[in-house]
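J.: I have a structure I would like to understand better, so I am pasting it below and will then ask my questions one at a time.
Residue numbers (our numbering), protein chains in the order written: chain A, 22 to 283; chain B, 22 to 283.
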């Protein structure tokens with residue numbers, strides 16, 4: 022059994038074929054992480070408490086509060102307290118920049134900003150002419166699964182990776198599927214890696230929020246083991262993004278702009 | 022193929038064993054739903070656009086803005102516009118009641134309120150002495166899976182149900198696992214069904230937020246096909262909630278208060 026700071030081993034009761042027994046079980050660690058921006062509390066995420074700096078950066082990038090590391094004056098992680106403090110060079114009022122954003126807790130939406138984002142994005146479709154052979158898509162999904170060690174041990178996390186047409190570049194696992202992608206985004210921001218010619222590979226479902234995230238980054242190809250929704254298909258169509266779901270074994274469903282899978 | 026307002030059939034490209042072909046695919050519908058309370062915009066959820074009244078009621082209940090239908094003066098659903106308007110008898114300022122809540126978009130957390138909720142809950146553990154035989158737990162999970170028609174067609178939704186020890190009482194599917202549970206909560210609120218002696222059955226993972234939701238409702242037993250986290254185990258332990266995960270075939274993992282599974 023893999024142990025590490027993301028796994029806790031606990032004695033639990035297993036019921037198997039009519040018999041109860043006690044055994045050790047590997048449980049994935051979940052912890053709160055609060056992001057402060059210029060001294061103001063922004064949000065508390067529940068996450069896999071690793072690479073908190075990347076999660077904070079990726080979250081800020083996804084929320085449109087940050088587009089480059091040049092805007093960051095300082096970043097401090099207080100891992101034990103579950104705090105990340107980000108100092109932005111732009112000291113303008115955070116509330117003003119977040120104007121229109123609404124509380125959400127259901128894991129599936131944003132407020133008014135959702136519609137604003139839709140409108141803004143539709144005017145800026147993805148241009149990349151990158152293509153990917155189906156066999157390469159399968160290979161990338163296989164690499165994702167091979168790397169998913171925390172999932173294999175606990176069953177309680179999602180995984181996400183950014184890849185070129187041949188191999189995975191960065192890979193993260195997190196209890197939140199959005200967190201896993203935000204850690205990727207944070208890492209790419211930190212290392213100045215452009216996403217406009219890359220592929221996002223994920224274990225999680227392709228909801229409209231995931232498509233919005235990808236569209237903001239101009240990601241041309243999304244691969245998932247899971248299902249899309251009508252709204253994500255519609256967004257991918259409009260944004261010129263190639264969306265592939267149910268990449269499993271020797272099959273996959275290409276929902277939009279299938280010319281890139283050639 | 023089941024068709025209905027929650028499924029859209031679309032022509033997509035399937036890749037199978039090296040060959041591309043065009044075929045019809047069933048995709049689950051995702052749509053935004055905005056909740057107004059006393060004329061003020063509260064939140065936009067992305068959801069399966071059915072039973073919007075229940076989702077709105079359950080969301081408000083989960084957020085602590087509502088505890089009984091007696092507090093509701095009126096409720097209007099404008100399905101085509103994706104709007105639910107709720108009039109509460111208490112006209113006091115919504116912002117004041119939401120004080121301390123923070124924007125979240127990652128699907129896995131709340132802000133300051135998360136810690137406040139933790140503290141409040143820990144002082145009010147679940148008292149129910151209800152028990153459930155392992156065989157009954159299996160049966161309930163089987164019933165959940167049998168009812169999961171939308172999942173079988175699209176692979177893109179979660180399911181949740183409330184049950185007594187023998188059978189499922191209400192069942193909902195939604196693209197969001199929290200939405201599915203909130204629809205259950207809304208229905209129980211509407212029909213004045215107490216949850217303190219019931220069982221929550223869900224396809225989704227048992228994160229700390231799901232435990233907080235259950236704890237607020239004093240639900241004594243949670244059954245899931247999926248994994249828990251360290252924080253949800255800790256909460257279930259403290260709240261005297263029996264949490265059972267990986268209920269699959271003739272096995273299940275009992276994480277806390279196993280005396281109720283007897």
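In this text, a Cβ means the ideal position worked out from N, Cα and C, and glycines have one as well.
Less than 7 Å between CB atoms is the rule here; does residue 229 of chain A satisfy it with respect to chain B?
T.: Cβ-Cβ to chain B under 7 Å: yes for residue 229 of chain A.
J.: According to DSSP, is residue 25 of chain A helix, strand or coil?
T.: Residue state, collapsed to three classes: strand.
J.: Label residue 32 of chain B either buried or exposed according to how many other C-beta atoms from any shown protein chain fall within 10 Å of its C-beta, with 16 as the threshold for buried.
T.: Residue 32 of chain B comes out exposed.
J.: Determine, using beta carbons only, whether residue 216 of chain A and residue 240 of chain A come nearer to each other than 7 Å.
T.: Result yes, Cβ atoms of residue 216 of chain A and residue 240 of chain A sit closer than 7 Å.
J.: Within 7 Å of any Cβ in chain A, is that where the Cβ of residue 275 of chain B sits?
T.: So, interface residue.
J.: At a CB-CB cut-off below 9 Å, which residues of chain B make contact with residue 154 of chain A?
T.: The premise fails here: residue 154 of chain A is roughly 10 Å from chain B at the closest Cβ pair, so nothing lies under 9 Å.
J.: Put residue 222 of chain A into one of helix, strand or coil per three-state DSSP.
T.: Residue 222 of chain A: strand per DSSP, three-state reduction.
J.: Examine the ligand PLP and report whether any of its heavy atoms sits within less than 6 Å of the Cβ of residue 257 of chain B.
T.: Summarising the ligand content, the structure contains no ligands, and the ligand PLP is consequently not present.
J.: In chain B, which residues lie with their C-beta within 9 Å of the C-beta of residue 263 of chain A?
T.: Residues of chain B passing the Cβ test: none, with the nearest at roughly 10 Å.
J.: Using three-state DSSP, classify residue 63 of chain A as helix, strand or coil.
T.: Three-state result, residue 63 of chain A: strand.
J.: Would you list, in sequence order, the uninterrupted beta strand (DSSP E) runs of no fewer than 3 residues that lie entirely inside the segment 30 to 114 of chain A?
T.: Correct list: 40 to 49, 52 to 58, 61 to 68, 93 to 99, 104 to 109.
J.: Among B/227, B/82, B/263, B/232, whose alpha-carbon lies nearest the alpha-carbon of residue 48 of chain A?
T.: Ranking B/227, B/82, B/263, B/232 by Cα distance to residue 48 of chain A puts B/227 first.
J.: Over what stretch of residues does the alpha helix (DSSP H) that includes residue 205 of chain B continue unbroken?
T.: Unbroken alpha helix (DSSP H) run through residue 205 of chain B: 198 to 211.
J.: Could you say which of A/277, A/237, A/69 lies nearest to residue 86 of chain A if we only look at CA atoms?
T.: It is A/237 whose Cα lies nearest to the Cα of residue 86 of chain A.
J.: Anyone know if the C-beta pair for residue 246 of chain A and residue 37 of chain B falls short of 7 Å?
T.: No.
J.: Once the 5 residues before and after residue 57 of chain B are set aside, which same chain residues still bring their CB inside 6 Å of it?
T.: Closer than 6 Å at the Cβ level, and outside the excluded window around residue 57 of chain B, lie 106.
J.: What's the gap between the Cα of residue 175 of chain A and the Cα of residue 50 of chain A?
T.: Answer to the nearest angstrom: the Cα atoms are 9 Å apart.
J.: Run down chain B in chain order and give the residues with a C-beta less than 7 Å from the C-beta of residue 46 of chain A.
T.: The contacting residues are 274.
J.: Quick check: the Cα distance between residue 75 of chain A and residue 203 of chain A, rounded to an integer number of angstroms?
T.: So the alpha carbons of these two residues sit roughly 7 Å apart.
J.: What are the partner residues of residue 191 of chain A, as DSSP defines its beta bridges?
T.: According to DSSP, which records beta bridges pairwise, residue 191 of chain A is partnered with A/183.
J.: Please state the DSSP three-state secondary structure of residue 253 of chain B.
T.: Three-state result, residue 253 of chain B: helix.
J.: Quick one: Cα of residue 156 of chain A to Cα of residue 281 of chain A, how far?
T.: Approximately 13 Å between the Cα atoms of the pair.
J.: May I ask you to list the residues that DSSP assigns as paired with residue 266 of chain B?
T.: BP columns for residue 266 of chain B point to B/274.
J.: From the DSSP output, in three-state form, read off residue 240 of chain A for me.
T.: DSSP places residue 240 of chain A in coil when its eight states are reduced to three.
J.: How about residue 35 of chain B and residue 44 of chain B: are their beta carbons less than 7 Å apart?
T.: Yes, they are a contact pair.
J.: Since residue 282 of chain A sits in a beta bridge, which residues does DSSP pair it with?
T.: BP columns for residue 282 of chain A point to A/153.
J.: Run through the DSSP bridge pairs and tell me what residue 229 of chain A is partnered with.
T.: The partner list for residue 229 of chain A (beta bridge, DSSP) is empty, contrary to what the question assumes.
J.: Please report the distance separating the alpha-carbon of residue 145 of chain B from that of residue 260 of chain B.
T.: Taking the straight line joining both Cα atoms gives about 7 Å.
J.: Classify residue 95 of chain B as buried or exposed, calling it buried when 16 or more other Cβ atoms lie within 10 Å of its own Cβ.
T.: Per the 10 Å Cβ criterion, exposed.
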